[in-house]
Amino acid sequence: AVHGINTTTTGGMPLVNRWNGRPYSQRYYDILEKRKTLPVWHQKEEFLKALKDNQTLILVGETGSGKTTQIPQFVLEAVDVESADRRKKFMVGCTQPRRVAAMSVSRRVAEEMDVTIGEEVDGMLLREAMTDPLLERYKVIILDEAHERTLATDVLFGLLKEVLKNRPDLKLVVMSATLEAEKFQGYFFGAPLMKVPGRLHPVEIFYTQEPERDYLEAAIRTVVQIHMCEPPGDILVFLTGEEEIEDACRKITKEVANMGDQVGPVKVVPLYSTLPPAMQQKIFEPAPSPTTEGGPAGRKIVISTNIAETSLTIDGIVYVIDPGFAKQKVYNPRVRVESLLVSPISKASAHQRSGRAGRTQPGKCFRLYTERSFNNDLQPQTYPEILRSNLANTVLTLKKLGIDDLVHFDFMDPPAPETLMRALEVLNYLGALDDEGNLTKLGEIMSEFPLDPQMGKMLVVSSEFNCSNEILSISAMLSVPNCFVRPREAQKAADEAKARFGHIDGDHLTLLNVYHAYKQNNEDQSWCYENFVNHRALKSADNVRQQLARIMARFNLKLCSTDFNSRDYYINIRKAMLAGYFMQVAHLERTGHYLTVKDNQVVHLHPSNCLDHKPEWVIYNEYVLTSRNFIRTVTDVRGEWIVDIAPHYYDLENFPQCEAKRVLEKLYKKREKDKEESRNRR
Ligand code: ADP
Ligand code: MG
32 AVHGINTTTT GGMPLVNRWN GRPYSQRYYD ILEKRKTLPV WHQKEEFLKA LKDNQTLILV
92 GETGSGKTTQ IPQFVLEAVD VESADRRKKF MVGCTQPRRV AAMSVSRRVA EEMDVTIGEE
152 VDGMLLREAM TDPLLERYKV IILDEAHERT LATDVLFGLL KEVLKNRPDL KLVVMSATLE
212 AEKFQGYFFG APLMKVPGRL HPVEIFYTQE PERDYLEAAI RTVVQIHMCE PPGDILVFLT
272 GEEEIEDACR KITKEVANMG DQVGPVKVVP LYSTLPPAMQ QKIFEPAPSP TTEGGPAGRK
332 IVISTNIAET SLTIDGIVYV IDPGFAKQKV YNPRVRVESL LVSPISKASA HQRSGRAGRT
392 QPGKCFRLYT ERSFNNDLQP QTYPEILRSN LANTVLTLKK LGIDDLVHFD FMDPPAPETL
452 MRALEVLNYL GALDDEGNLT KLGEIMSEFP LDPQMGKMLV VSSEFNCSNE ILSISAMLSV
512 PNCFVRPREA QKAADEAKAR FGHIDGDHLT LLNVYHAYKQ NNEDQSWCYE NFVNHRALKS
572 ADNVRQQLAR IMARFNLKLC STDFNSRDYY INIRKAMLAG YFMQVAHLER TGHYLTVKDN
632 QVVHLHPSNC LDHKPEWVIY NEYVLTSRNF IRTVTDVRGE WIVDIAPHYY DLENFPQCEA
692 KRVLEKLYKK REKDKEESRN RR
């Protein structure tokens, strides 16, 4: 995501904010004092000189040294002073790999600049490059958190390298928290490296004697122990995802409450990406004051995903608890399965995490694994995401950006050839690329949707199946977090509520029912509450739907529906879904389990499904890797539709021997016979 800073000015009078012409507020001066203590502040001149003399600059500094909040402002001032043509608007772009961080940072920077924050549109620099290939709106681009090596960051690296060659006036600042910077330097034409000295206090590291069997339980136990026995100071706990974090928050609050007055009060704050912005802001609130005067001190306890590792800095953290895990993407190109798996972090991550304890005073980090395990089991660095991802969407974007020769594209770490081949193959099957690998008309349109290519295809063809309104709603629902709420204390009632929306032919149709019911009930929040539906998720689905509908309109894709009373209403929807997801089909074997088609992986219907039967063929939205492999969000489709809609993929000459193949053979024969008969009748 990107936030731009509009730099037109009214010219500067002292004490007047040059960005809006208003007098500065007291808050501005208060924050300014704090800003002046940040390590980067002391290197402002040095930084600006280096930026002036070089097209690309690499800036490395410990987390919390002020890179993200200060550098964009330094750059902005410099660009503003320099730009000869005052009427022309120049943007300074600063990218964040995570949405939460982009929003939090833009809010903070607006506050520091004493200006009102602009509209919070979710920008993507990569998407902007599609319409503005040379990124001409920008004078300076700052790629922040480069060490995270997310998929988008890596693609932007390669892209910006090209853009810089064609735009000598554009400048690039690459910012990173760790010292892999030499690698960045080598990649960016030997760009100069500027280091911001950290000001980290010592952090004492503790390991467990024995491996922990249940890290969640161990983390909670450690929090309680710290709160009982350690001097004041806030606690930061790293967990892997929303559910786990909410669970931990509940348990910690309860355990501390049970301890009564002998311990201080706590404020337990969750932090994860799908949390609403107002809740995210809570991490910056101070710890609670003692309940009684002179009583034990209060403590803030932040339970966070990886996001607090480097993206967001919380002051006042003295204790860090690191169970050693994070949810990480993995991709297996052989069976085309991408999944988020809870896996061990790297040594570099563990180091970053412990560093969070020493921001304001000496701290302690409790690693819930053995020292031996740290030394022997953790890999040195986290693998770049580009090496662990399905690249279909990325390849489509690159093709749209005019990069045809992917094999020679200048990736910092080139993805495996097999992964690239898989991506090209998928796009070819979807009709987005022709047999020469060139973008087709369909591919052009698909690339405009910020969706995975299968969903893009489903949307683009949905008008032909006379159900684009419904497919829009389903796509929107699939794009937001799970909308069903299932509180521990009301599981039965929640399940009953969900069953009322249930459609016996599939979970996609159930999601459609939920969306329709939400709209029919005027998007009412209490209706959502009573029906165990997450209002926030639905609201955000509605938002996504509008965005997608605008893209549909731009390409004159008709918005239409089959008559609800027609027998074809749901059939058309299911066919349109198959037209996008024909590569995610599983077949029910006589043995009673499902096999994914062509890849022949044994999978099970996820227990959350709404079906009242076990269909012979299903499409699925997601492949969940656990000890058992599940397919989640499934809908019944018919074999006849498969041979009609996707014969090019279900080409039997290219098909492994299996039960599904024999069934398909029969279906093809029957189709031939039917055609013959209808020809004879004519
Ligand atoms: P870096 O990018 O080098 O890690 P940042 O610029 O993010 O550092 O942070 C600099 C300082 O600004 C930190 O002390 C951090 O706590 C503070 N800060 C950043 N965002 C906020 C916010 N939303 N509210 C209060 N303080 C913040
Ligand atoms: Mg930062």
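At position 620 of the sequence shown (counting the first as 1) the number is 651 in the UniProt record's numbering, and the numbers step up by one without a gap. Just so it is clear, CB atoms sit at the ideal spot from N, CA and C, and this is done for glycine as well.
Return yes when at least one heavy atom of the ligand MN lies under 7 Å from the C-beta of residue i, else no.
i      : result
Arg387 : For the structure depicted, the ligand MN is absent and the ligand set comprises only the ligand ADP and the ligand MG.
Would you call residue i buried or exposed, if buried means 16 or more other Cβ atoms sit within 10 Å of its Cβ?
i           : result
Thr627      : buried
Ile74       : Ile is not the amino acid found at residue 74; the sequence shown has Gln there. It counts as buried.
Tyr560      : exposed
Val545      : buried
residue 28  : No answer is possible for residue 28: it lies beyond the span of the chain, which begins at 32 and ends at 713.
Met486      : buried
residue 31  : Outside the shown range of the chain, which is 32 to 713, sits residue 31, and nothing can be said about it.
residue 717 : The requested residue 717 is not part of the displayed model; the chain covers only 32 to 713.
Ile257      : buried
Tyr55       : exposed
Tyr654      : buried
How about residue i and residue j: do their beta carbons lie closer than 8 Å?
i          : j      : result
Ser504     : Cys591 : no
Leu427     : Gly474 : yes
Ile173     : Met206 : yes
residue 12 : Leu182 : Since the first residue of the chain shown is 32 and the last is 713, residue 12 is not available in this structure.
Leu451     : Leu464 : no
Arg384     : Glu340 : yes
Tyr169     : Leu195 : no
Gly670     : Trp648 : yes
Leu315     : Ile334 : With the sequence shown as reference, residue 315 is identified as Phe, and Leu is not the correct amino acid for it. No, the pair does not count as a contact, with Cβ atoms beyond the cut-off.
Glu633     : Asn660 : Before going on, a small fix: residue 633 reads as Val here, not Glu. For Val633 and Asn660, yes; Cβs fall inside 8 Å.
Lys629     : Pro687 : yes
Asp353     : Pro375 : no
Leu569     : Cys514 : yes
Gln311     : Leu302 : yes
Helix, strand or coil for residue i? Go by DSSP, reduced to three states.
i      : result
Lys313 : helix
Phe532 : helix
Leu270 : coil
Val254 : helix
Ala328 : coil
Leu590 : coil
Leu343 : coil
Ala357 : strand
Arg365 : coil
Glu659 : Checking the sequence shown, residue 659 turns out to be Arg, not Glu. In this structure, Arg659 counts as coil in the three-state DSSP scheme.
Thr541 : helix
Glu241 : coil
Thr284 : helix
Leu642 : coil
What's the gap between the Cα of residue i and the Cα of residue j?
i      : j      : result
Leu698 : Asn603 : 20 Å
Glu402 : His178 : 25 Å
Thr666 : Asp705 : 26 Å
Ala133 : Gln127 : 5 Å
Pro317 : Ser304 : 21 Å
Gly92  : Leu224 : 11 Å
Phe356 : Leu656 : 17 Å
Gly600 : Cys498 : Before going further, note that residue 600 is Tyr rather than Gly in the sequence given. C-alpha separation (whole angstroms): 8 Å.
Arg130 : Gly329 : 31 Å
Lys395 : Asn574 : 43 Å
Val457 : Gly611 : 11 Å
Ala100 : Val136 : In the sequence on display, residue 100 carries Thr and not Ala. Their Cα atoms are separated by approximately 7 Å.
Ala222 : Glu213 : 10 Å
Lys98  : Gly264 : 25 Å
Met259 : Pro321 : 14 Å
Ser557 : Met614 : 39 Å
Asp175 : Asn459 : 34 Å
Leu422 : Asp84  : 37 Å
Val368 : Arg605 : 23 Å
Pro228 : Gly386 : 14 Å
Asp675 : Glu274 : 41 Å
So, is the C-beta of residue i closer than 8 Å to a C-beta in chain B?
i      : result
Glu241 : Judged by its chain identifiers, the structure shown contains no chain B, having just a single protein chain.
Uninterrupted alpha helix (DSSP H) stretches inside the segment 42-76 (no shorter than 4 residues): For the segment 42-76, whole alpha helix (DSSP H) runs of length 4 or above, ordered along the chain, are 57-66.
For the segment 554-587, which segments carrying the alpha helix (DSSP H) assignment without a break, of at least 4 residues, lie completely within its bounds, in sequence order? Counting only runs of 4+ residues, the alpha helix (DSSP H) found wholly inside the segment 554-587 occupies 556-561 and 566-585, in chain order.
At 4 residues or longer, what runs of the alpha helix (DSSP H) sit wholly inside the UniProt domain "Helicase ATP-binding" (79-228)? If only complete runs of 4 or more residues are kept, the UniProt domain "Helicase ATP-binding" (79-228) shows the alpha helix (DSSP H) at 98-113, 130-144, 156-162, 182-197 and 212-218, in order along the chain.
Could you name each continuous alpha helix (DSSP H) segment of 4 residues or more that falls completely within the segment 377-464, going from the start of the chain to the end? Taking only runs of at least 4 residues, the alpha helix (DSSP H) segments lying wholly in the segment 377-464 are 378-386, 402-408, 423-431 and 448-460.
Where in the segment 595-626 do unbroken runs of the alpha helix (DSSP H), each at least 4 residues long, occur, reported from the N-terminal end onward? Taking only runs of at least 4 residues, the alpha helix (DSSP H) segments lying wholly in the segment 595-626 are 599-612.
To test your reading of the DSSP string, which unbroken alpha helix (DSSP H) runs of 4 or more residues are found completely within the segment 465-527? Fully enclosed alpha helix (DSSP H) runs of 4 or longer: 472-479, 484-493 and 499-509.
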